[in-house]
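Below you'll find the structure, written out as structure tokens, and then a few comments.
This is the structure we're talking about:
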């Protein structure tokens, strides 16, 4: 789909360079958004993921529910839930890393925001849920990150979780183009567990 100039400017405002760009981990499990259902004509409910880090040592999947309010196609309440899995069983001395997921969310006003989660606990997972309002687009990528680092590494591609134009909402003439860029993150929720050892 075409992306408007407004979308490009909004995305550029929240973009920061990360050291290394890496290809997405290729697996049949890394398919994009799966089954979706419509509770009523204006609402959307579906599943996303699994999405992977580029080396396959972090994974995430979950669900999204979009509730359009008051019959307004640009007013909604969006709930995003999921699980973030740390699959890196190396110790920290061996180079083990934590799992990391970052979401970027665009509102109908063209503003972008980010939300991220970090989990350190080899073989385990962290559940998460967050809410956003008046959401037009949601993208996600899975990476790894150091125990005490603020900079994700080995990131998979950005994947589209939700895009309003695809489901008959929002503005005409723009949409998601499946870009691969690596943005900086905004500060993430704290790590859990201590599964990598020392």
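Numbering (mature numbering (1 follows the signal peptide of the UniProt record, and there is no 0)), first residue to last: -31 to -1, 1 to 167. Note that beta-carbon positions come from the ideal geometry of N, C-alpha and C, so glycine has one too. For clarity, every value in this text was computed on a predicted model and none was experimentally measured.
Taking residue 109 as the reference, which of 94, 67, 50, 91 has the closest Cα? One-based indexing of the chain shown puts residue 109 at position 140. If we check each option's Cα against that of residue 109, 50 comes out closest.
What are the start and end residues of the beta strand (DSSP E) that includes residue 34? In the chain shown, the residue the question calls residue 34 occupies position 65. Note, residue 34: beta strand (DSSP E), 27 to 37.
Going by DSSP, what residues sit across from residue 131 in a beta bridge? For the purposes of this step, residue 131 is taken as residue 162 along the chain shown, with counting starting at 1. Per DSSP, the beta bridge partners of residue 131 are 107.
Pick out whichever of 39, 23, 48 has its Cα sitting closest to the Cα of residue 16. For this step, residue 16 is matched to residue 47 along the chain shown. Ranked by Cα distance from residue 16, the options 39, 23, 48 are led by 48.
CA-CA distance, residue 77 and residue 120? Translated into positions along the chain shown, residue 77 becomes position 108. Translated into positions along the chain shown, residue 120 becomes position 151. The straight-line gap from Cα to Cα measures roughly 29 Å.
Drop a sphere of 10 angstroms on the beta-carbon of residue 71, count the other beta-carbons inside from all chains shown, and report buried for 16 or more, exposed for fewer. On the chain shown, position 102 is the one that residue 71 refers to. It is buried - the Cβ of residue 71 has at least 16 other Cβ atoms within 10 Å.
Considering only their Cβ atoms, is the gap separating residue 91 from residue 22 smaller than 9 Å? Start at 1 with the first residue of the chain shown, and residue 22 comes out as number 53. Start at 1 with the first residue of the chain shown, and residue 91 comes out as number 122. Between residue 22 and residue 91, the CB-CB gap reaches or exceeds 9 Å.
Distance between beta carbons of residue 75 and residue 113, contact taken as under 8 Å: Position 144 of the chain shown, counted from the start, is the residue given in the question as residue 113. Position 106 of the chain shown, counted from the start, is the residue given in the question as residue 75. 25 Å between Cβ atoms; not a contact.
Can you name, in chain order, every residue of its own chain whose Cβ lies under 7 Å from the Cβ of residue -1, other than the five neighbours on each side? For the purposes of this step, residue -1 is taken as residue 31 along the chain shown, with counting starting at 1. The pLDDT assigned to residue -1 is 43, lower than 50, so where the model puts this residue is not dependable, and the model offers no usable value.
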